[in-house]
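Residue numbers (UniProt numbering): 1 to 694. As structure tokens, the structure follows; a few thoughts come after it.
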DNA sequence: ACGGTTGGTACA
DNA sequence: TTGTACCAA
């Protein structure tokens, strides 16, 4: 096993997590500035009990309004609440405005270091290099003035009781000459993040909160501690104090079943409780990787890298059909699949145009139940096939995938699917997604064309042909941009040809689609009621505060962190004196915010602001340019800044990078996850167990 | 038979 | 590789 390099330990890194405050609300408030400062919520579809809340402003939260309340409920609790509806397109929630707004933010946050888009409104930043550079060239200790926003930071473990002047304490902490180098690096990170957040505010009008720490887990934890529009720092020496009293369920990835299991099976209710368990025990119970991961996070260790990915890895479009809205006919399913595919296709087209990326797999997920059969809800299998570009093709493929799934589903319940009249199945959810997104190949030639025409797309259509050909040439439509190289190379290549094989038998539906070039033109005879009922049902999304990395991938080899480096040992003298500070009214960011508010009459600023606003809205108002503009910004940033993806980068390219960046690539620091082949309790497992004793 | 939609990851 | 399960918000 590789021995860890000390430099690569967590404590030498500067990681930030940035979290937009009730993002969807902010987006809507920017669009309607009169809503600023008012209790506001974004509601998804409105027909049933006022719709479901997916984002709630902090003003509204004071009244007890919560996400996942219905609109009517919210009105009861807070009669003056302003409810803004999510835009609807094709009978479902359309989140593109939020995606675009998210891209705006990412493009700013990626300026100072490697940036990972963790969700529509959250990013991680690796500011190690920038912090080191600052420390070397312009360390905080030399600063005469520290900007207000930075002084507003919350430093965990900093004793603010003594001196009354919290800001002065922060300033002292930031500028300490005799501070630990790790703290100095964090101090630099604190300055950088404050600056970035102010830039975000200035350029987008959005506030965000941030956490600055030595790894992703701690940064994420910290970013949620002081909201909105504030930032929180976790010095190395405060880690234990932070984690000790922390309920286990607050940890990312432990909010679900694993966390519950820890609680009920091991009696672990706080992170500190987890410390008693030897790694072996945890591995025994939860598997090698998860066990190691748990052991580490209990000690504040998480070697997860910031991924350097500014774009999503998949696109999806889905909708649920709850209760009486459940779909009962193939025709209604087809209708909705057509809608979903249309949206997905549009987004894929944008991704292709703006980012030159191609998705290779189409997956259909459905949920269904069979009337009379309990617990059949979950058994509808998901199906995937090679993704063919072109709306009509995706619609055709999606329907085929659905039919294949339906056959299995019905088989599972001893029924024959048969055509459109169904025997009891009800579809309560549909979603199509596109994954395995790769950059458009640059070196390929047009050999592919050779295979063109082999496509058994007997089921016609001008459309399919158009779309086929469009794939390569569509990139022309990308506005500005300097993509020429790749673009040129790709021209003439037909990415579709690789994906042309029919995924599933289409015997039953060829006909349907044959003359139906209008996707939503469903035979009006059947299923009509279905989508009438359903056509205005809810859908939408969460403003999300974050999401992203999946379970347990963070697992990390303990050897990377020799025990004497573990926070548990270095911090065990520290009292848990975590404090929450809410001087929210005095935030410099909030002040800035206030100035912009049309309600508060600050004219010069206001005008400048409105101008800004108009620009943005001008962009947004042209649907065709919406994503394009947003994405182009992103694209530009992507070239300029730091957004390489370590995993996907060509190894030969790495050598071209500056040494300090190369070091980022440090393959040697990849957490040593091991494939989970070995069964629990296997003696072979013992062989691999770490030698650490507890 | 309402928390929805989107997106991520791990594992068999 | 595909499909399932889980997680976050």
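Each residue gets a CB set at the ideal place from its N, CA and C atoms; glycine is no exception. None of these values were measured; they are calculated from a predicted model.
Please list the terminal residues of the continuous alpha helix (DSSP H) segment that includes residue i.
i	result
residue 170	166-175
residue 404	391-412
residue 695	In the structure as shown, the chain starts at 1 and stops at 694, and residue 695 therefore has no counterpart that could be examined.
residue 96	96-109
residue 30	23-31
Going by DSSP, what residue range makes up the beta strand (DSSP E) through residue i?
i	result
residue 428	425-439
residue 341	From DSSP, residue 341 is part of no beta strand (DSSP E) but of the alpha helix (DSSP H) over 330-355.
residue 20	15-20
residue 697	This structure cannot settle anything about residue 697, because the visible part of the chain is limited to 1 through 694.
Find out if the Cβ-Cβ distance for the pair residue i, residue j is shorter than 8 Å.
i	j	result
residue 49	residue 70	yes
residue 109	residue 306	no
residue 16	residue 219	yes
residue 86	residue 42	yes
residue 40	residue 68	no
residue 167	residue 151	yes
residue 27	residue 210	no
residue 212	residue 186	yes
residue 117	residue 123	yes
residue 37	residue 72	no
residue 206	residue 105	yes
residue 323	residue 431	no
residue 90	residue 343	yes
residue 440	residue 357	yes
residue 156	residue 242	yes
residue 429	residue 320	yes
Let me make sure I understand the geometry here. Which of the options has the alpha-carbon closest to that of residue i?
i	options	result
residue 427	209, 332, 391 and 131	332
residue 121	114, 98 and 115	98
residue 197	380, 111 and 178	111
residue 188	201, 208 and 214	214
residue 366	380, 54, 355 and 13	380
residue 407	436, 314, 431 and 423	423
residue 195	36, 131, 90 and 673	131
residue 231	248, 256 and 191	191
residue 363	324, 404 and 353	404
residue 712	412, 411, 355 and 399	It is not possible to answer for residue 712, since the shown part of the chain is limited to 1 through 694.
residue 318	675, 433 and 59	433
residue 267	252, 248 and 255	248
residue 304	252, 204, 330 and 336	252
residue 80	374, 134 and 62	62
residue 227	342, 275 and 153	153
residue 713	262, 329, 441 and 171	Lying before the first or after the last residue shown, residue 713 is absent from the chain, which here runs from 1 to 694.
residue 224	237, 368 and 250	250
residue 272	289, 298, 262 and 435	298
residue 83	269, 140, 25 and 369	25
residue 147	76, 339, 373 and 193	193
residue 401	383, 237, 393 and 53	383
residue 310	675, 47 and 119	119
residue 140	181, 222 and 30	181
residue 184	202, 199 and 127	127
residue 239	221, 229, 255 and 254	221
residue 281	411, 373 and 294	294
residue 334	78, 392, 258 and 236	392
Name, in chain order, the residues that DSSP records as bridge partners for residue i.
i	result
residue 364	383 and 432
residue 369	426
residue 359	437
residue 41	56 and 83
residue 155	233
residue 327	427
residue 93	88
Whole runs of the beta strand (DSSP E) within the segment 270-322, excluding any shorter than 3 residues: Within the segment 270-322, the complete beta strand (DSSP E) runs of at least 3 residues are 315-320.
Whole beta strand (DSSP E) elements within the segment 185-273, 3-residue minimum: If we require 3 residues or more, the beta strand (DSSP E) runs fully inside the segment 185-273 come out as 208-213 and 231-233.
Completely contained alpha helix (DSSP H) runs for the segment 52-91, where each covers 4 or more residues: DSSP runs (the alpha helix (DSSP H)) wholly in the segment 52-91: 58-61 and 71-77.
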